[in-house]
């Protein structure tokens with residue numbers, strides 16, 4: 001990049017250079033108009049070339065990069081004759097002398113623009129192919145044809161984008177406003193991604209002699225990592241990167257043809273490579289897919305395509321590279337580098353950075369829990385700086401942990417419901433065995449880093465390291481509540497998967513929906529909660545038709561995906577017997593939530609009202625007679641609180657009785673006299 005002073009100096013020199021070219025051309029054409037001949041006066045033209053060439057060379061020698069005219073002629077391989085035609089057309093727009101010459105050359109004095117006939121007669125080294133449809137001037141739309149009765153009498157006009165470029169004005173093609181120019185890449189790639197970038201560089205260098213270099217296809221779930229690789233490769237070739245989303249590609253054939261040509265022209269003109277983003281392309285949309293294929297097959301410039309899975313059926317050489325997520329060690333190195341940079345920003349807050357050994361342990365735990373891309377790690381560190389300057393300053397680990405949670409949310413917030421939980425172990429009333437299992441689950445999540453990485457359990461295989469648990473039992477027995485307790489205790493986000501939005505009657509759609517969820521969840525180490533999981537994780541049936549076969553494929557995919565998911569997944573079901581035995585074998589924890597007995601119901605009633613809720617004469621032993629699960633007890637308690645508040649009274653047994661009657665009426669159940677005996 002040049003400093004602003006360099007840009008200003010280049011612009012001034014470029015203007016002076018172009019004025020010299022215009023003056024040279026004006027004298028050549030003026031000589032022809034005054035002394036018309038059947039062919040150009042080469043002796044006079046040679047004289048003018050010598051006269052202006054020295055001054056033009058002197059100006060060009062002072063410039064940080066060649067004049068715009070010479071860059072354009074080199075990149076589009078224009079002949080001398082084509083160069084003069086282009087300058088002639090530009091002169092019409094910025095120098096009134098050229099319009100006067102055109103009018104003087106025309107017998108009727110009505111033509112104020114250059115024509116091909118005038119160019120053939122007045123300019124040096126003319127050739128008819130300069131105006132052919134596949135010649136550089138017309139193929140790349142450097143000039144446009146105006147009106148005229150014949151081809152040679154048709155007026156010639158410079159394209160507006162090209163005129164601005166020659167003058168040195170930075171602008172964008174009006175047809176390509178959807179394209180985003182990415183800034184120069186300054187970060188250092190992690191080793192595995194640098195290896196991919198080096199392979200792509202070698203491939204492009206090997207094919208640099210070709211007019212149409214092979215298209216590179218980067219497949220993987222992390223868009224930012226793919227973008228980093230593309231930018232690093234393009235920077236090596238001194239190419240700017242232009243990003244285009246595949247949804248912005250025109251679908252109408254005539255619009256698409258013009259779009260491709262103008263896109264190619266822009267890439268050549270500005271030395272750009274195209275980064276085509278196809279992350280969310282709808283492969284069932286045949287029209288969109290056809291437009292994408294045509295663009296890739298016709299585009300003759302450096303292009304990199306990013307996709308989640310490979311594109312198929314493209315009739316052109318397209319070479320695929322799979323972009324893996326950063327390895328744990330690479331993530332740890334990125335964390336260490338980013339935290340080292342963070343230290344310089346903290347100044348007086350540096351006291352919040354622990355000693356090196358403790359810091360390493362904290363970063364290892366972050367690496368084990370969150371599978372972040374390199375860019376997400378850097379953003380998490382940047383966000384942590386803001387947290388550390390808050391009045392209630394957390395530790396560095398707490399700040400980074402919270403930043404990681406936030407970084408991973410956007411991908412999942414559109415796919416599932418995030419459940420905020422402030423529940424603790426005190427809010428959970430369960431038999432000792434069930435509670436111990438939940439605490440064991442919590443220990444597995446907390447100690448992942450030590451067991452998997454430090455103790456080496458992940459060294460042989462990273463598959464099957466996810467923590468899966470099944471909570472089975474009747475509705476309202478605390479399955480979802482227990483998931484909330486775990487999420488709060490572990491300081492992780494809890495997402496509930498709405499199965500009705502996941503399961504599809506169309507073949508392959510269920511797997512696609514689940515893939516989106518798991519891919520998004522992997523980065524944040526979130527807890528996935530599949531409510532009523534038996535509806536989708538059911539027993540695989542005997543194959544009798546295509547529907548059975550598709551259902552079995554869905555279950556098989558889920559089993560495979562659960563096994564590879566590095567985070568924690570909690571499945572809830574009312575009927576454990578409905579789950580596939582093969583699936584059960586892959587679960588690490590299974591716990592049964594049963595209906596609470598009287599003692600547990602009494603304990604639930606004692607804990608159900610918050611400390612600030614006014615109560616009066618509540619008999620928890622009597623309330624425990626109500627044979628209801630914890631979920632219904634919570635609803636009854638909440639409804640009774642509203643009744644008491646409306647009556648401006650503390651919550652009493654009479655309010656709970658009324659709320660119980662309403663709840664049972666809603667459920668269609670009969671309230672027995674034994675259950676409410678002695679309440680009032």
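Residue numbers (UniProt numbering): 1 to 680.
Every residue gets a Cβ at the ideal spot worked out from N, C-alpha and C, and that includes glycine.
Can you pull the DSSP bridge partners for residue i?
i, result
"residue 46", "Answer is none; residue 46 lacks a bridge partner."
"residue 529", "496, 570"
"residue 418", "495"
"residue 502", "None, per the DSSP bridge assignment."
"residue 217", "305, 320"
"residue 158", "143"
"residue 243", "180, 275"
"residue 591", "471"
"residue 115", "155"
"residue 615", "651"
Quick one: is residue i buried, meaning 16 or more other Cβ sit within 10 Å of its Cβ, or exposed?
i, result
"residue 74", "exposed"
"residue 617", "exposed"
"residue 127", "exposed"
"residue 125", "exposed"
"residue 421", "buried"
"residue 670", "exposed"
"residue 378", "buried"
"residue 161", "buried"
"residue 10", "buried"
"residue 653", "buried"
"residue 282", "exposed"
"residue 51", "exposed"
"residue 190", "buried"
"residue 13", "buried"
"residue 493", "buried"
"residue 390", "exposed"
Sort the options by Cα distance to residue i and report the nearest one.
i, options, result
"residue 411", "434, 445, 519, 510", "519"
"residue 527", "23, 426, 370", "370"
"residue 336", "239, 319, 354", "354"
"residue 629", "451, 402, 428, 406", "428"
"residue 232", "275, 249, 207, 257", "275"
"residue 587", "669, 561, 277", "561"
"residue 417", "248, 502, 116", "502"
"residue 565", "141, 575, 454, 522", "522"
"residue 93", "65, 156, 404, 372", "156"
"residue 36", "61, 18, 120, 20", "120"
"residue 590", "271, 575, 599, 226", "575"
"residue 316", "327, 655, 301, 662", "301"
For the alpha helix (DSSP H) containing residue i, list its first residue and its last residue.
i, result
"residue 681", "Here the chain covers residues 1 to 680 and nothing more, so residue 681 does not appear."
"residue 663", "653-667"
"residue 91", "80-94"
"residue 375", "374-388"
"residue 63", "Run containing residue 63: none; DSSP gives neither H nor E here."
"residue 150", "Counting along the chain, residue 150 falls outside any alpha helix (DSSP H), and DSSP gives it neither H nor E."
"residue 485", "479-490"
"residue 605", "598-608"
"residue 445", "432-446"
"residue 631", "630-646"
"residue 356", "356-369"
"residue 426", "Taken as a continuous stretch (DSSP letters only), residue 426 belongs to no alpha helix (DSSP H), as it is neither H nor E."
"residue 41", "Note, residue 41: premise wrong, no alpha helix (DSSP H); not H, not E."
Sorted by chain position, which residues of the same chain lie with C-beta nearer than 7 angstroms to residue i's C-beta, five sequence neighbours on each side aside?
i, result
"residue 620", "602, 605, 606"
"residue 245", "277"
"residue 25", "84, 87, 88, 91"
"residue 659", "636, 639, 640, 643"
"residue 320", "217, 219, 310"
Along the beta strand (DSSP E) that carries residue i, what are the first and last residues, could you check?
i, result
"residue 143", "143-145"
Less than 6 angstroms between C-beta atoms, sequence neighbours within five positions excluded: which residues of the same chain meet that for residue i?
i, result
"residue 251", "287, 291"
"residue 449", "364, 365, 368"
"residue 112", "99, 102, 103"
"residue 256", "250, 291"
"residue 571", "470, 530, 533"
"residue 399", "384, 387, 388"
"residue 376", "407"
"residue 166", "68, 69, 90"
"residue 45", "28, 124"
Checking contacts by CB at 9 angstroms: is residue i closer than that to chain D?
i, result
"residue 620", "Structure shown: chain D not included; a single protein chain is present."
Going by the C-beta, is residue i closer than 8 angstroms to any heavy atom of the ligand ZN?
i, result
"residue 26", "Only the bare structure without any ligand can be found here, which leaves the ligand ZN out of the picture."
Within its chain, find whatever has a CB closer than 8 angstroms to the CB of residue i; leave out the 5 residues flanking it on each side and keep chain order.
i, result
"residue 440", "589"
"residue 279", "223, 306, 307, 308"
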